[in-house]
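In order, the protein sequences belong to chains S and Y. Each residue of the first sequence is one higher than the last, beginning at 1 in our numbering. Each residue of the second sequence is one higher than the last, beginning at 304 in our numbering. Virtual Cβ for every residue (Gly too), placed ideally from N, Cα, C.
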Amino acid sequence: MTASVLQSIRSTTLESPSPPRFLAGEKVPKADEGAELAQDFVSARTPNEQTMTESKISVRNFDFFYGASKVLHGISLEIPAQKVTALIGPSGCGKSTFIRSINRMNDIIPEARATGAIMIDGQDVYGGDTDVVELRRKVGMVFQKSNPFPKSIYENVAYGLKIGGMRNKRQLDEIIERSLTRAALWHEVKDRLHASAMALSGGQQQRLCIARALAVDPEIVLMDEPASALDPLATSKIEELIYELKDNYTIVIVTHNMQQAARVSDRTAFFMLGKLIEYADTNAIFMNPKEKMTEDYVTGRFG
Amino acid sequence: MRRSSDDRSFRLGTGAFAALVLLLVLGIAFELTRQSMLSIAKFGLKFWTTSTWNPVSGDFGALPFIWGTLYSSILALLIATPIALGIAIFISELSPRLLRQPLAYLTDLLAAIPSIVYGLWGVFVLVPFVRKLEVATPDALKKIPLFNGPPLGVGMLAAALILAVMVIPFTSSVAREILKNVPSTQREAAYALGATRWEAIKVAIGFGKSGIIGAVMLGFGRALGETIAVTMVIGNSPQVTASLFKPQYTMAAVIANEFTEAADELYLHALIEIGLLLFIITVAVNIISRLLIWSMKRRVVAPIAAPIVPAEEALA
């Protein structure tokens, strides 16, 4: 990470209120630009007529219940691979329930029940032949509050690998270094890998949790308000990290912070009262929402 | 009128109560020492290491009682700990919700039964059962010192078993509370990394490790001091032996049995010195367990010597 890149990202994140990244002018795609760029921003011109590059997660008419109360109503959406998809909406709108449905974390809650389908690479997550342990190794998760284990930094990152049966010390060392590097934490901790993870700062702990999730080599990373408990500097580092991670991972992030959604995501889904109100490219959602409710929410009229 | 001096008197008042506890402990230690001076002066350290217990000739050594107390308590701990932790894990992690409260209530109820009732149950149910076990033990096995001895029923095995039953509710309810207080985010972290149920439970146990050790030590402390139930089933015969079948004696039991008949002063002082020893051992066990918990906490949570590199520097 060079200082200049960091500087530029920091300046967008710390100036508040900052404009969404793609409105800042540096990267707005033009129709006649190269194929690479066109593929990245294929939907920029016609926000709601998607010709997706590749759909990683495909949600079809998904309902979710806690006991008798229905908390998600007929959600259908396509989440593209190697992109950041943000889920926004007021508290209690079901966005957290939805993200936790993707790796079936809600299974832990008694009396939770789902109908419809969430397909990952064409396989139904809720299908009878899905092994939930395998699923969760493929779909990593980072939580709102950083939750390192009360072990060393090394052991935290090694945990997923060790329960997966990896014992080879050299291999472990290698993956742990790579994961910590990817989570932009390696330089801060490399000299004290065997010190307690509890001694890290809040932002460092959250990046450790990201490294821990990356270590088991997931394809998808779910982030449930990963920066909501952090100060602005730590938040900007997490955002910067998310931006980098999308080269290798499909990322779904729940956030309360609309500027954050605007800064980090390619696609944004707006949830309200358990329904998906609108789903489109992030700049379309923020600049040109189709639905009145979306407009009211993103302009801060309620929420 | 409200005045800030009220706060001061409130603090002084509650502080006095706290000081009372300390005074009580010190007072007990002082009194036990004072009242056993005759025996301390006559036998010195030999009291700890000799096995004679002869009130007639005035010769006293406490080794068999110390041995009986430690041996029975450690055996009880070995039996009770896995069962108690199993109960705690089942109730807090695995049991259906509807069963959770009743099960917790029932285990706690075990702790409410008076120990004399355990003693009666021991005499009429446990001892005959142990006797059957002992009779059924093959001769080949009896050659091992552990199983050597007459099939009396009363003896170390019966005492360890009854102690285990009495200790289980304590250990298990403390361990249960500890598991309940492990933040759910810890289990979620494990699940999200592809942990199975059992692996997630292990994470929870790891998180509460120091507390669980505390729970086990609490059980140990309880076993050390338990008197009447053990007195009723251990056989009350002072000897130092590894045998589970032979009758033995504990410190608490000898005090309870012989205190009323201690006619001369030396005898009385010897018994009180045993009380002092029991007090010292219990305090030592508590201190050791605190140290254990403390060192474990320190290893896990305390800041380390290396300074935390400020984020900016590390990235520059």
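message: Quick check: is the beta carbon of T488(Y) nearer than 7 angstroms to any beta carbon in chain S?
response: Against chain S, the CB of T488(Y) has a partner CB under 7 angstroms away; the residue lies at that interface.
Secondary structure of Q123(S), DSSP reduced to three states: In the structure shown, Q123(S) falls within a strand segment according to DSSP collapsed to helix, strand and coil.
Please classify V536(Y): is it buried, with 16 or more other beta-carbons within 10 angstroms of its beta-carbon, or exposed?
-> The residue is buried, with at least 16 neighbouring Cβ atoms inside 10 Å.
Measure the alpha-carbon distance for A261(S) versus S513(Y) and round it to whole angstroms.
-> Spanning the two alpha carbons is a distance of roughly 41 angstroms.
On the three-state DSSP scale, how would you describe P367(Y)?
DSSP, reduced to helix, strand and coil, places P367(Y) within a helical segment of the structure shown.
K70(S): first and last residue of the uninterrupted beta strand (DSSP E) it sits in:
First-last of the beta strand (DSSP E) with K70(S): 69-80.
Item to complete: Would you check if the stretch 262-272 of chain S and the stretch 82-100 of chain S touch, i.e. whether three or more CB-CB distances between them fall below 8 angstroms?
Response: Taking 8 angstroms as the limit for Cβ pairs, the verdict is that the stretch 262-272 of chain S does touch the stretch 82-100 of chain S.
### Start-to-end residues for the beta strand (DSSP E) that takes in V543(Y)
From DSSP, V543(Y) is part of no beta strand (DSSP E); its letter is neither H nor E.
- Query: Using a C-beta cutoff of 7 angstroms, does A407(Y) count as contacting chain S?
  - Reply: Chain S contact via Cβ: absent.
(Q) Let me check understanding here. Comparing Cα to Cα, which of L180(S), K95(S), E295(S) lies closest to L208(S)? (A) Looking only at L180(S), K95(S), E295(S), the smallest Cα-Cα distance to L208(S) is reached by L180(S).
Which of helix, strand or coil DSSP assigns to G203(S):
Helix at G203(S).
- Message: How far does the alpha helix (DSSP H) with Y243(S) in it extend, from its first residue to its last?
- Response: Looking at the DSSP string, the run of the alpha helix (DSSP H) that includes Y243(S) is 232-245.
Straight-line gap, L569(Y) to A199(S) (C-alpha atoms, nearest Å): When rounded, the distance between both Cα atoms is 58 angstroms.
Would a check of beta-carbon distances place F393(Y) closer than 7 angstroms to chain S? Interface with chain S (7 angstroms Cβ-Cβ cutoff): F393(Y) is excluded.
Count Cβ pairs between the stretch 126-136 of chain S and the stretch 492-503 of chain Y that sit closer than 8 angstroms; are there 3 or more? Touching, per the Cβ criterion.
Measure the C-alpha to C-alpha separation of V307(S) and Q206(S) and round it to an integer number of angstroms.
Look at the range of chain S in this structure, 1 to 303, and you will see that residue 307(S) is not part of it.
Item to check | Contact with chain Y by G160(S), beta-carbon distance below 7 angstroms | outcome: Residue contact check for G160(S) against chain Y: a CB pair falls below 7 angstroms.
*Would a check of beta-carbon distances place L455(Y) closer than 7 angstroms to chain S?*
Residue contact check for L455(Y) against chain S: no CB pair falls below 7 angstroms.
key: Range covered by the beta strand (DSSP E) that runs through T250(S)   = Here the beta strand (DSSP E) through T250(S) covers 250-254.
Taking only the alpha-carbon atoms, compute the straight-line gap between T97(S) and V328(Y) and give it to the nearest angstrom.
Looking at the two C-alpha atoms, the distance is approximately 54 angstroms.
Quiz item: Do S84(S) and D247(S) have their C-beta atoms closer together than 7 angstroms?
Solution: The sequence as given places Val at residue 84(S); Ser does not occur at that position. No, the Cβ-Cβ distance between V84(S) and D247(S) is not below 7 angstroms.
Notebook entry, point to check: Quick one: Cα of V298(S) to Cα of Q259(S), how far?
Noted result: V298(S) and Q259(S): Cα-Cα distance of roughly 9 angstroms.
For D310(Y), count the other beta carbons within 10 Å of its own beta carbon; 16 or more makes it buried, fewer makes it exposed. Which is it? Exposed, since its Cβ has fewer than 16 Cβ neighbours within 10 Å.
(Q) Out of S236(S), F65(S), G164(S), F286(S), which one is the CA nearest neighbour of V330(S)? (A) Only positions 1 to 303 of chain S appear in the structure, and residue 330(S) is not among them; the question remains open.
What do you reckon, are the CB atoms on A322(S) and F64(S) nearer than 7 angstroms?
Given a span of 1 to 303 for chain S in the structure shown, any question on residue 322(S) remains unanswerable.
* To do: Could you check how far apart the C-beta atoms of L326(Y) and M459(Y) are, in whole angstroms? I think they sit under 8 angstroms.
  => Not quite, the Cβ-Cβ distance comes to about 38 angstroms (not below 8 angstroms), so this is no contact.
ask   = Apart from the five residues just before and just after I377(Y), which ones in its own chain have a Cβ nearer than 6 angstroms to its Cβ?
value = Cβ neighbours of I377(Y) beyond the five flanking positions: none.
- Report yes if the C-beta distance between L574(Y) and F582(Y) is below 7 angstroms; otherwise report no. The Cβ-Cβ distance between L574(Y) and F582(Y) does not fall below 7 angstroms.
I251(S) versus L464(Y): straight-line alpha-carbon distance, rounded: Rounded to whole angstroms, I251(S) to L464(Y) spans 56 angstroms at the Cα level.
Strand pairing of R113(S), partner residues [DSSP]: Residue pairing by DSSP places R113(S) opposite F65(S) in a beta bridge.
Requested in this report: Please work out which residues of its chain come closer than 6 angstroms, Cβ to Cβ, to G160(S), disregarding the five sequence neighbours upstream and downstream, and give them in chain order.
Outcome: Hits under 6 angstroms: A215, V216.
The stretch 489-511 of chain Y: which residues have C-beta closer than 8 angstroms to a C-beta of chain S, in chain order?
-> Along the stretch 489-511 of chain Y, the positions whose C-beta sits under 8 angstroms from a C-beta of chain S are Q489, R490, E491, A492, A493, Y494, A495, L496, G497, A498, T499, E502, V506, G509, F510, read in chain order.
Taking 7 angstroms as the threshold (C-beta atoms), are A383(Y) and V470(Y) in contact? In contact: V470(Y) and A383(Y) (Cβ atoms closer than 7 angstroms).
>> Assuming the contact rule is C-beta atoms closer than 8 angstroms, S398(Y) and L388(Y) should be a hit. Round their C-beta distance to whole Å, please.
In response: Taking the Cβ atoms as the reference, S398(Y) lies roughly 14 angstroms from L388(Y), outside the contact range of under 8 angstroms.
_Taking DSSP's pairing of strands, which residues face L87(S) in a bridge?_
The partner list for L87(S) (beta bridge, DSSP) reads V254(S), A269(S).
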